[in-house]
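Asker: Can you read through this structure? Questions will come right after.
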């Protein structure tokens with residue numbers, strides 16, 4: 003076996019344990035002669051510091067003989083995995099996609115020009131490792147010595163399978179990051195109380211600053227309750243909201259505040275129109291219209307209208323919101 007074989011494992015950030023399983027398996031069956039590189043490796047020999055991350059990844063990618071691309075339901079469409087594969091292919095390197103917890107037919111179209119392997123199939127794994135580490139398909143008799151390492155590899159895959167499905171369930175079904183990012187910016191919110199007889203009364207108008215994370219959409223409302231400025235400065239008169247966004251843009255949120263007015267409640271919203279700049283929905287919770295009122299259960303409908311796409315300081319948010327109310 004050549005000591006010059008170099009393998010680069012391309013993976014999504016959350017699949018770093020899967021990459022480590024491949025690294026350890028290849029290192030074991032090659033008797034320690036091959037130590038595949040992957041960006042999520044935090045060990046002293048392979049770890050990447052934040053400052054030199056891109057530089058080291060680029061150098062490792064350029065030096066590699068083989069690019070092992072790990073495809074999972076969560077990484078199949080990821081731009082960075084596609085980017086690394088495209089760079090490697092442009093450098094005429096051997097690009098080998100291997101699917102995990104999904105079918106070969108579901109691999110991104112970019113990878114269908116290559117031979118795709120299945121990480122769940124022992125024969126595929128042995129054939130792939132033989133080609134990368136030894137440059138050939140290793141005979142079955144010689145591969146028997148790999149069985150012990152393969153059992154550890156398979157156990158690692160079983161654990162990662164559960165983690166992957168959990169991430170997919172909560173992020174893709176309950177929270178869609180792509181849809182959540184479309185909400186980022188500043189919104190004007192109009193809260194309307196609806197009593198038991200169906201009579202509507204304006205309840206409150208305020209501004210919301212919205213941003214997203216992988217698991218949540220988060221909002222900070224700048225409170226416009228009457229009398230609030232007499233107690234708190236503008237930057238402090240705020241309340242948080244947090245929730246999830248579906249792939250269709252529907253939002254489910256909770257809100258609360260342990261400040262001057264101890265409010266809490268829930269809000270359900272859906273897109274209104276095709277522009278993505280207006281949402282309508284319903285809210286309910288324990289709150290008060292003004293700071294001197296008693297806390298009581300209230301419900302009604304709400305309208306969100308986007309007033310800025312970028313993040314703004316609270317005072318600027320309030321200024322924009324005030325101008326919008328006057329227009």
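Numbering (the numbering used here), first residue to last: 3 to 329.
Just so it is clear, CB atoms sit at the ideal spot from N, CA and C, and this is done for glycine as well.
1. By how many angstroms is the C-alpha of residue 12 removed from the C-alpha of residue 87?
2. For the region 99-108 and the region 139-152, state whether three or more C-beta atom pairs, one from each stretch, are separated by less than 8 Å.
3. Could you tell me whether the region 31-46 touches the region 182-193, where touching means 3 or more Cβ pairs closer than 8 Å?
4. In its own chain, which residues sit with a C-beta less than 6 Å from the C-beta of residue 128, not counting the 5 before and 5 after it?
5. Return the chain-ordered list of same chain residues with a C-beta closer than 6 Å to the C-beta of residue 193, the five sequence neighbours on each side being excluded.
6. Can you give me the Cβ contacts of residue 256 inside the same chain, cut-off strictly under 8 Å, excluding the 5 residues immediately before and after it?
7. As a quick exercise: from 20, 79, 276 and 250, pick the residue whose alpha carbon is nearest that of residue 42.
8. Taking DSSP's pairing of strands, which residues face residue 257 in a bridge?
9. Using a Cβ-Cβ cutoff of less than 8 Å, which residues in the same chain neighbour residue 235 once the five nearest sequence positions on both sides are dropped?
10. Keeping to the same chain, check which residues put their C-beta closer than 7 Å to that of residue 178; ignore five residues upstream and five downstream.
11. Report yes if the C-beta distance between residue 195 and residue 302 is below 7 Å; otherwise report no.
12. Between the alpha carbons of residue 238 and residue 216, how many angstroms are there, rounded?
13. For residue 95, which residues in the same chain have their Cβ closer than 6 Å to its Cβ, ignoring the five residues on either side in sequence?
14. Just reading off the beta strand (DSSP E) that residue 13 is part of, what are its end residues?
15. Buried or exposed, going by whether 16 or more other CB atoms sit within 10 Å of the CB of residue 22?
Answerer: Reading from the atomic positions:
1. The residue you call residue 87 lines up with position 85 of the chain shown. The residue you call residue 12 lines up with position 10 of the chain shown. Approximately 8 Å, taken between the alpha carbons.
2. The region 99-108 is not in contact with the region 139-152.
3. No: fewer than three Cβ pairs fall under 8 Å.
4. The residue given as residue 128 occupies position 126 in the chain shown. Around residue 128: 145.
5. Translated into the one-based positions of the chain shown, residue 193 becomes position 191. 205, 206 and 304, listed in sequence order.
6. What you label residue 256 is simply residue 254 of the chain shown in a count that begins at 1. Closer than 8 Å at the Cβ level, and outside the excluded window around residue 256, lie 243, 244, 245, 266, 267, 268 and 269.
7. Taking the chain shown and counting its residues from 1, the one referred to as residue 42 is at position 40. With distances taken between Cα atoms, residue 42 lies closest to 20.
8. As a working note, residue 257 is residue 255 in the chain shown. According to DSSP, residue 257 bridges with 243 and 267.
9. Position 233 of the chain shown holds residue 235. Residue placement at residue 235 cannot be trusted, given a pLDDT of 44 that sits under 50; what the coordinates show is reported in the next sentence. Nothing meets the Cβ criterion.
10. Taking the chain shown and counting its residues from 1, one reaches residue 178 at position 176. Annotation for residue 178: 247, 248 and 249 place their beta carbon closer than 7 Å to its own, counting only its chain and skipping 5 residues before and after.
11. Position 193 of the chain shown holds residue 195. Position 300 of the chain shown holds residue 302. Taking 7 Å as the Cβ cut-off, residue 195 and residue 302 qualify as a contacting pair.
12. As a first step, residue 238 is located in the chain shown; it is residue number 236 there, counting from the start. As a first step, residue 216 is located in the chain shown; it is residue number 214 there, counting from the start. Because the pLDDT at residue 238 is just 40, under 50, the model does not fix this residue reliably, and the point stays unresolved.
13. By 1-based counting over the chain shown, the position of residue 95 is 93. Counting only Cβ-Cβ distances below 6 Å, and skipping sequence neighbours, we find 69.
14. Taking the chain shown and counting its residues from 1, the one referred to as residue 13 is at position 11. Element bounds for residue 13: n/a, residue is neither H nor E.
15. The residue given as residue 22 occupies position 20 in the chain shown. Residue 22 comes out buried.
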